[in-house]
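Colleague: Take this structure first; my questions come after.
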Amino acid sequence: MKKEILINVAQPEECRIAIVEDGRLEELYIERASQDNYVGNIYKGKIVNLEPSIQAAFVDFGVGRNGFLHISDVEPQYFRQGGYDPDNP
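Each number in my numbering comes from the position in the sequence shown (counting from 1) with 421 added on.
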């Protein structure tokens with residue numbers, strides 16, 4: 422079993438680390454220095470714009486620009502409170 426760690430820092434704002442085992446990619450990590458990552462965290466925000474054509478909302482959560490929230494990322498138990506039913510758009 423051959424295990425390698427490959428590190429790519431060719432771009433100054435990005436670091437990529439790959440773990441390869443027997444020629445097969447097992448893990449990949451990418452870190453960008455110039456961009457904060459807010460994905461996956463939980464925030465309290467205010468909906469500032471609804472876009473029914475793309476079934477999404479833009480949410481101000483206090484970082485200087487609005488976040489994008491697609492309806493598929495919302496638990497059905499929450500968006501049905503407002504009267505929207507995704508099975509009957």
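Beta carbons are placed, not taken as given, at the ideal position from N, Cα and C, and that holds for glycine.
Does any C-beta atom of chain C lie closer than 7 Å to the C-beta of Asn462?
Modeller: Considering every chain present, this structure includes no chain C. It has just one protein chain.
Colleague: Where does Tyr464 sit, in a helix, a strand or coil, going by DSSP?
Modeller: DSSP places Tyr464 in coil when its eight states are reduced to three.
Colleague: Of the residues Ile475, Ala454, Phe482, which one's Cα is nearest the Cα of Asn462?
Modeller: Phe482
Colleague: Among Tyr450, Val430, Pro433, Ser474, whose alpha-carbon lies nearest the alpha-carbon of Val441?
Modeller: Tyr450
Colleague: Hey, which unbroken runs of the beta strand (DSSP E) at 3 residues or more fall wholly within the region 469-494?
Modeller: 477-481, 488-491
Colleague: Alpha carbon to alpha carbon, how far is Asp494 from Leu471?
Modeller: 15 Å
Colleague: So Glu452 and Cys436 are supposed to be a Cβ contact under 8 Å. How far apart are they, rounded?
Modeller: At roughly 5 Å, the Cβ-Cβ gap stays under 8 Å, so Glu452 and Cys436 are in contact.
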